[in-house]
Amino acid sequence: MKKTLFLILFGILLQASGLQFEHNYKIALQKAKKQNKEVMMMYSASWCPECNYMKDIVFKNSKVSRYLQKHFILLGLDIQKDKLPKGFDYVGIPTFFFIGNGAKQIGKIIGGDKASRFLKKLKAIK
Amino acid sequence: MKKIVYILMLCANLLLAFSAKDLKLLKEDGDCPKCDLSYANLSGMDLTMSDFTDANLSHADLTNTLAHKADFSRADLSYAIFEKSNIKGAKFNDATLKNVNFFEARIWKGDFSNANIDKCNFDESALGSAIFKNNNLTNSTFKGTILYKTIYKKGVVGIPKN
Chain A
47 MKKTLFLILF GILLQASGLQ FEHNYKIALQ KAKKQNKEVM MMYSASWCPE CNYMKDIVFK
107 NSKVSRYLQK HFILLGLDIQ KDKLPKGFDY VGIPTFFFIG NGAKQIGKII GGDKASRFLK
167 KLKAIK
Chain B
28 MKKIVYILML CANLLLAFSA KDLKLLKEDG DCPKCDLSYA NLSGMDLTMS DFTDANLSHA
88 DLTNTLAHKA DFSRADLSYA IFEKSNIKGA KFNDATLKNV NFFEARIWKG DFSNANIDKC
148 NFDESALGSA IFKNNNLTNS TFKGTILYKT IYKKGVVGIP KN
């Protein structure tokens, strides 16, 4: 009984700890292909408050988190460490690129937003 | 009679309108300090890093403008409209912000130090990491506003709860 309770609690904690981000573009594409999902590539920086708001608040929103997990492989690239893959451009961070079959960009969200509005934008893309 | 109406209309226009010369300057240089842009329609324009210090932008329409790091220090922005504008890192130091509409504006890292804020609409806007200092926020509205890590320095009255 104790073991079951522990496992349930552990599962809940894992879910609450946040979304898992891949940090390699090619691996993210491969995973997406295997799982029949699209890639959401977030281009951000640790010093950007809008990016941190997305990570600290919006991605912890249960509806947003569930939707992202269901439809996307998440890829996080850092403006200071990573170059954007060829064919993608940005004007500011955070920028969210949505990548479908054949590494084609199927959508883009510029800037962070409140959970409800971000979810609406996600649903408009997929 | 027609003449009188025409003269009255001309006078009203002279009293209300912005300076066409100043608007031309803004479009050419991207900067317009001390300009008269009252009642000007600047909606949808790219005003990134523009200098509007000491300018008169009262009743100006800046809906949907992109004005990252624009400087509105000491400007008169009474009744200006910034609805859905992206004004990240903009400076409003010592500016007059009476009845300004910031609805759904993105003002991350905006600096409102010493601005005279009165009856402004900040509803649904993003004020994350924005700086407030010596402001009275009691008469302004902050419904649904993002106040993530907003900085309140000394002299701020009526800090919004979120």
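Taken in order, these protein sequences are the chains called A and B.
Taking my numbering, I'd label the letters of the first sequence as residues 47 to 172.
Taking my numbering, I'd label the letters of the second sequence as residues 28 to 189.
Glycine included, C-beta positions come from ideal geometry on N, C-alpha and C.
Quick caveat, the model's predicted, so the values are computed rather than measured.
- Under the 8 Å criterion on CB atoms, A/P95 is classed as interfacial with respect to chain B.
- Runs of the beta strand (DSSP E) lying entirely within the segment 115-142 of chain A and spanning at least 3 residues, in chain order: 118-124.
- Residues of the segment 161-184 of chain B with a C-beta less than 9 Å from any C-beta of chain A: G171, I173, Y175, K176, listed in chain order.
- At least 8 Å separates the CB of A/G64 from every CB of chain B.
- Rounded to the nearest whole angstrom, the CA to CA distance from B/D150 to B/F79 is 24 Å.
- Taking C-alpha positions only, B/C147 is separated from B/N91 by approximately 17 Å.
- If you draw a straight line from the Cα of B/A94 to the Cα of A/L114, it is about 31 Å long.
- In this structure, DSSP gives A/Q81 a helical state, which the three-state scheme calls helix.
- Residues of the segment 111-142 of chain B whose Cβ lies closer than 8 Å to any Cβ of chain A, in chain order: N113, K115, R133, W135, K136.
- The residues T80, D81, N120, D121, A122, in chain order, have a CB closer than 8 Å to that of B/R101 in the same chain once the five nearest residues on each side in sequence are set aside.
- In the structure shown, B/V127 adopts coil according to DSSP, grouped into three states.
- The segment 151-158 of chain A and the segment 115-132 of chain A do not touch, with fewer than 3 CB-CB distances between them shorter than 8 Å.
- At least one CB of chain B lies nearer than 8 Å to the CB of A/K160.
- By the Cβ criterion, the segment 108-120 of chain B is in contact with the segment 128-135 of chain B, since at least three pairs of Cβ atoms, one from each stretch, lie closer than 8 Å.
- As a beta-bridge residue in DSSP terms, B/I108 pairs with B/D88, B/N128.
- Close CB contacts of B/A142 within its chain, under the 8 Å cut and outside five residues either way in sequence, are with F119, N120, D121, A122, T123, L124, N162 (chain order).
- Annotation: the continuous alpha helix (DSSP H) that includes B/D56 extends over 47-56.
- Scanning its chain for C-beta atoms nearer than 6 Å, with the 5 sequence neighbours on each side dropped, one finds around B/F159 the residues F139, Y179, V183, in chain order.
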